[in-house]
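Numbering (my numbering), first residue to last: 6 to 240.
If you want it as C-alpha cells, here you go:
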C-alpha cells in the first residue's frame, strides 16, 4: 500500500494581520447595576422628613425700648507736675528815691521822680498799709493805674516806665499776702490832658504817679463851685 502525501501552502500577509502576543485585550465597559425603585424612593423621601427640633418655631428676637447709651471714652490720665508760680522779686528800698504818697478817697497815690521807678521806705510802707486794708475785704480788688511823663513823639518809653512802676507796686502787694488774681495793673503811659476827674489840665495830678485804689470804692469827683447867681430885678 503506497503512503499518502499532503501539500500545505502559507500566506505571509495573513501572519502580519494577527495581533501581537503581549498586547492587552480591551476591557468592555459593564453597565452600572440598576438601583431598586424602593431604595431610591426611600432616599428621596428622607430629607423631607420633619426634624424633631423644628417642631416649634424659634421666638423672635427681643428689641430694646431704647438705644444703648453711647460709650464713654475717658481721657488718658497724664500726671503733670504742678509748680506754684514763682513770686516776683521784692522791691528794694532806695533811700535817695524822690517820691511821696498821698491819700485818695479810694486808696493812695504814689508820686515818682521823672524817669525813675525807685521807691523810698515811706512809699513802700504806705503800699503795705493799703494791702492790710485790702486783706479785710476779700471781695475787693486792687486797681493800679500807672502813668509817666515823656515826649509827645515817643509813647513807648513812658508806657514801659509806667509798667515798671505798676509791677513794683504789684510785687509789694503780693509779698504782703494779696493774690495776683486780685491785682489789676494798667500801664497808661503819658496821661491825656484832663484825665483826672474834675481837674483841669493846668492843676491836674503830676504825670509821674501811680494810683492804687480799691475796686469796691469809687473816688468821688469834687463838686464844681456853683456859678454866681445873677441879680434879678425887683418886681
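For each residue, glycine too, the CB sits at the ideal point set by N, CA and C.
CA-to-CA distance, residue j to residue i, given in whole angstroms
i: residue 216; j: residue 150; result: 5 Å
i: residue 143; j: residue 156; result: 40 Å
i: residue 124; j: residue 131; result: 11 Å
i: residue 140; j: residue 197; result: 32 Å
i: residue 211; j: residue 137; result: 27 Å
i: residue 201; j: residue 188; result: With a pLDDT of 45 at residue 201, under the threshold of 50, the modelled position of this residue cannot be trusted; read the value that follows with caution. Approximately 21 Å between the Cα atoms of the pair.
i: residue 219; j: residue 79; result: 44 Å
i: residue 159; j: residue 122; result: 18 Å
i: residue 206; j: residue 135; result: For residue 206, the predicted structure reports a pLDDT of 45, less than 50, and the residue's modelled location is therefore unreliable. A value from the coordinates is still provided. So the alpha carbons of these two residues sit roughly 28 Å apart.
i: residue 146; j: residue 87; result: 26 Å
i: residue 102; j: residue 170; result: 13 Å
i: residue 99; j: residue 85; result: 41 Å
i: residue 182; j: residue 95; result: 13 Å
i: residue 184; j: residue 97; result: 20 Å
Per-residue DSSP class, three states only, for residue i
i: residue 67; result: coil
i: residue 220; result: coil
i: residue 153; result: coil
i: residue 112; result: strand
i: residue 147; result: strand
i: residue 106; result: strand
i: residue 132; result: helix
Neighbour-count burial assignment, residue i, 16 or more Cβ in a 10 Å radius
i: residue 213; result: buried
i: residue 222; result: exposed
i: residue 178; result: buried
i: residue 167; result: buried
i: residue 172; result: buried
i: residue 191; result: exposed
i: residue 129; result: buried
i: residue 153; result: buried
i: residue 194; result: buried
i: residue 175; result: buried
i: residue 104; result: buried
i: residue 68; result: exposed
i: residue 106; result: buried
i: residue 126; result: exposed
i: residue 83; result: exposed
Contained beta strand (DSSP E) runs [length at least 3] in the region 160-202, N- to C-terminal order
Secondary structure within the region 160-202: the beta strand (DSSP E) runs of 3 or more consecutive residues, fully enclosed, are 188-194 (chain order).
Inspect the CB distances between the region 87-105 and the region 65-76 and report whether three or more fall short of 8 Å.
Counting Cβ pairs under 8 Å, fewer than three are found: no touch.
Taking 8 Å as the cut-off, does the region 159-166 touch the region 105-115 (at least 3 CB pairs, one atom from each stretch)?
No, the region 105-115 does not touch the region 159-166.
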